[in-house]
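**Q** Per our numbering, the sequence shown starts with residue 2, numbered consecutively.
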Amino acid sequence: MTLSALRRRRLAWLALSASLLAGLMALFALWHWELARGERDARQHAATRLNFYASTLNAELSRFQWLPELLARQARVRIALGEQGVPPAATPPVIPSDERDAASAAAPLGSSSDLNQHLRRVARASGAAAIFLTDRDGMTVAASNFDEPDSFVGYRYDYRPYFIDALARGRGEFFAVGNTTGRPGYFVSAPVLGVEGEPLGVMVVKVSLEALEDTWRQAGETVLLADANRIVLLASRRNWKYRALEAIEPQALDSIRAQQQFRGAPLTPLSRELEDGSLVLGDNHELAASEIARLPTAAMGQRYLDESLASGPLGWQLHFLMPLRPLYIQARNVVLVGLAVILGLAMMALWMRERQARLGLIRREAVMMREINERLEERVAQRSRELEDTRDELVQAGKLAALGTMAAGIAHELNQPLVGIRTYAASGGKLLARGIASAATRPELTARAAESAASNFTRISELSERLADMIRQLRVFVRPASQQAPVALALAPRIDFALELLAERVTALDLTVEQGALPRDIIVMGEQVRLEQLLTNLIRNALDALEGEQRAQQADQQSDERAAPRLRLSWQAWPAVASLEGQPGGCLRIEDNGPGIDPALRATLFDPFTTTREVGEGMGMGLFLSYGLARDLGGLLRLADGASVSEPAEGSSLAEGSSLAEGSALGGACFELWLRTPASEATHAADGTEQHGSGQQSVT
């Protein structure tokens, strides 16, 4: 082996060793970084949870701070203590009769029975675990649990700090395990003062905090509440209670024994604190074997991050413990991921080396692929030009179709006012001729004919203005939303206008128009021109159907009787309609006794150029434009499908797609025009008053 080859080999080994060392250092740094990040996130989470638990604890305790003082001021409490220490000659104060209740009416006010019942009612109403009253010597004279086996009555509690502090400072607080009941609780007390301010006794309220422990336990978190001596008062694990987080000073231990705070609990240490502030639970050499055996298996020897927060009275500390084991596992997983990345990079380096050997073959394949791609690009460009040509043809066809639709719509809409103009012009001419003919014999008829002719010419002028307005609003024929704000309009005059515009055809058909179920005071929201145009289209559509039916009956030689043409207009209001976005509205039904609608045309009934009339008689634009006009007015137009009328239940709304009535009772077609109404109309309908007229009104 030559010197240069040996040097290259040594350099390769040196580079490999340096790479391994750099990788190990990077993994070590990654371990510490992930562990520090996890600990920081855990402490932030712990601080958030501690604030929540502290607020819950303070709220629970604050609920009962006022209760002892309030009860101590009641007359029956002072009377009860007066019976214990006031001489017989003393006269008890007069108590109003309204302080007695039905449960204790049989017992005298202030007696032991009356006070026991009263304290039990207050305890149940407030949620306190117990309420009891002691005299000035600490002897319990009344309690809410007077009738229970572990009643406080007859027991002396003058050694408890809440009793001593209440007499000395006017208020007492203490946490202890009850010597009588054996159940822990938070005691808050207040003195009962006599008339001259001398203490007669102490009122004590006991609050159970076990519900907080249940909440911590259900959340699956490790939470402790320790007092000033670092003795666990509450814990998410029951066997941690009344254990010390550190060794207790002998003086403090003597005080606890004297106060009988924990009812003889051993108060052995639960954990030991390390230099970094973490706690090791179950790894304390001072613990007895029996104590260690009672610890949960999952908690034996574990290290915990300890976050604490001052909460509650008497120097309490709320601790949130987080096991360090998951943080170590997470850091280990991150290190394993980093190791996998390093190994992946090494494998990539080997792959790159192998790739260099195949680079020549890849270059040759690239040349072939380039040629294939060039040919494909030429074919794609050719096909793109063909698609662009096809697109231009389709756009042009679409423009022609739109132009045809618009032209047909304009012709259809302009035809109706033109028919009216011709009708009024012919009528005006006849009136003038009649007036001229009677000028010599009956002069009064001349003035009347002139007045009628002038009215016809006024109508011609109005229709001409309407034609001009239609030409200005060509957007009607492509059905955009109206740009004008809807206003309140009377519906009856709009219907009268449409019937008057078509009066010549109504007279020619000898048509009976029934408006008995159409009140004259209906108010709808809309735009006058569009609403009149819509009503004219719908009524004219019915006239076309009736006229076709009449011609068919005349052509039928076997038909002995012909049904008289009938057109019925009716109205019903609703407080809320889902298809009108839940707003109040009403339904105008337009029914005829014509041939009806062919079922094959229902799916395309509102499409343009859909018609059943002969070629040259109609373009099929009426219903198409009417549907768009109804939408522009914020309403809905649809064809009914049956024969029964049903009103929704009170408070309900008519759903989208449902029909107020199914079909026409007259046997022909029935169209439903849904229009919005003002709020006052909806209120009227919601009160249960159906908006139907009375009697029959016919126009022939």
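Even for Gly, the Cβ is constructed at its ideal location relative to N, Cα and C.
Please state the DSSP three-state secondary structure of E250.
**A** Coil.
**Q** So, are the CB atoms of A248 and P69 less than 8 Å apart?
**A** Against a cut-off of 8 Å, the Cβ pair of P69 and A248 comes out as no contact.
**Q** Assuming G313 contacts N59 (C-beta within less than 8 Å), just tell me the rounded distance between them.
**A** That belief holds up - the Cβ atoms of G313 and N59 are roughly 6 Å apart, short of 8 Å.
**Q** In this structure, what does DSSP give as the bridge partners for A341?
**A** DSSP lists no partner for A341.
**Q** Roughly how many angstroms lie between the CA atoms of R552 and D608, to the nearest whole one?
**A** Roughly 26 Å between the two C-alpha positions.
**Q** Using 8 Å for Cβ pairs, my map puts A564 next to N594. What's the rounded Cβ distance?
**A** That pair is a contact at about 6 Å.
**Q** Starting from G669 and walking both ways along the beta strand (DSSP E), at which residues does that stretch end?
**A** Element bounds for G669: n/a, residue is neither H nor E.
**Q** Let me confirm a value: F188 is counted as buried when at least 16 other C-beta atoms fall within 10 Å, else exposed. Which label applies?
**A** It is buried - the Cβ of F188 has at least 16 other Cβ atoms within 10 Å.
**Q** Taking all protein chains shown into account, decide if P162 is buried (16 or more other Cβ within 10 angstroms of its Cβ) or exposed.
**A** It is buried - the Cβ of P162 has at least 16 other Cβ atoms within 10 Å.
**Q** For Q219, report the span of its alpha helix (DSSP H) as first-last.
**A** Looking at the DSSP string, the run of the alpha helix (DSSP H) that includes Q219 is E211 to A220.
**Q** Which residue or residues does DSSP assign as beta-bridge partners of K207?
**A** Paired residues: A131 and F188.
**Q** Please state the DSSP three-state secondary structure of G636.
**A** If DSSP states are grouped into helix, strand and coil, G636 belongs with coil.
**Q** With three or more C-beta pairs closer than 8 Å as the rule, is the stretch 428-436 touching the stretch 507-526?
**A** In short, these stretches do not touch, since the Cβ pair count stays below three.
**Q** With distances taken Cα to Cα, identify the nearest neighbour of L22 among N334, R74, L254 and I343.
**A** Ranking N334, R74, L254 and I343 by Cα distance to L22 puts I343 first.
**Q** Rounded to whole angstroms, how far is the Cβ of T135 from the Cβ of V154, which I believe are closer than 8 Å?
**A** Contact flag wrong, Cβ pair sits at about 10 Å.
**Q** Which two residues bound the contiguous beta strand (DSSP E) that contains Y158?
**A** Segment: none, Y158 is in no beta strand (DSSP E) and carries neither H nor E.
**Q** Return the bridge partner residues of T223 from the DSSP annotation.
**A** Bridge partners of T223: L322.
**Q** Smallest Cα separation from R506: which of A518, E548, N180 and E592?
**A** Residue E548 is the option with its Cα nearest to R506.
**Q** For M323 and L213, I'd like the C-alpha separation in whole angstroms.
**A** So the two alpha carbons sit approximately 19 Å from each other.
**Q** Might you give, ordered along the chain, the residues of its own chain that have their beta carbon closer than 6 Å to the beta carbon of R157, omitting 5 neighbours on each side?
**A** G139 and M140, listed in sequence order.
**Q** Considering only DSSP beta bridges, list what Q555 is partnered with.
**A** In DSSP, Q555 forms no bridge with anything.
**Q** Could you pull the DSSP bridge partners for Q571 from this structure?
**A** According to the sequence as given, residue 571 is Ser; it is not Gln. Bridge partners of S571: A518 and R590.
**Q** According to DSSP, simplified to helix, strand and coil, what is R476?
**A** Reliability of the predicted coordinates at R476 is poor, the pLDDT of 47 falling under 50, and no value is obtained from them.
**Q** Quick one: using the 10 Å Cβ neighbour count with 16 as the cut-off for buried, is L12 buried or exposed?
**A** Per the 10 Å Cβ criterion, exposed.
**Q** What's the gap between the Cα of V178 and the Cα of A167?
**A** Going from the Cα of V178 to the Cα of A167 covers about 19 Å.
**Q** Relative to the C-alpha of L667, which candidate in A680, L638 and E592 has its C-alpha closest?
**A** Cα-wise, what sits closest to L667 is E592.
**Q** Do you know offhand how far Q529's Cα is from A438's?
**A** When rounded, the distance between both Cα atoms is 40 Å.
**Q** Looking at the C-beta of R79, does it have a partner C-beta in chain B at a distance below 8 Å?
**A** Going by chain labels, chain B is absent from the structure shown, which holds only one protein chain.
**Q** Rounded C-beta distance between R304 and L271? I'm assuming under 8 Å.
**A** Between L271 and R304 the Cβ distance is about 14 Å, and since that is not below 8 Å, they are no contact.
**Q** I want to know whether the stretch 237-254 touches the stretch 210-226 - three or more CB-CB distances under 8 Å.
**A** Touching, per the Cβ criterion.
**Q** Tell me, please, which residues DSSP counts as bridged to A489.
**A** Paired residues: M526.
**Q** Can you find the residues in the same chain that come closer than 8 Å, C-beta to C-beta, to S5, ignoring five residues on each side of it along the sequence?
**A** Result list for S5: empty, nothing under 8 Å.
**Q** In terms of residues, what are the limits of the beta strand (DSSP E) holding A149?
**A** A small fix is needed here, since residue 149 is Glu in this sequence, not Ala. It is not in any beta strand (DSSP E) - E149 carries neither H nor E in the DSSP assignment.
**Q** Look at A641 and C671 and say whether their C-beta atoms are less than 8 Å apart.
**A** Cβ atoms of A641 and C671: closer than 8 Å.
**Q** Where do the N-terminal and C-terminal ends of the beta strand (DSSP E) with L234 fall, by residue?
**A** Per DSSP, L234 belongs to the beta strand (DSSP E) from V233 to A236.
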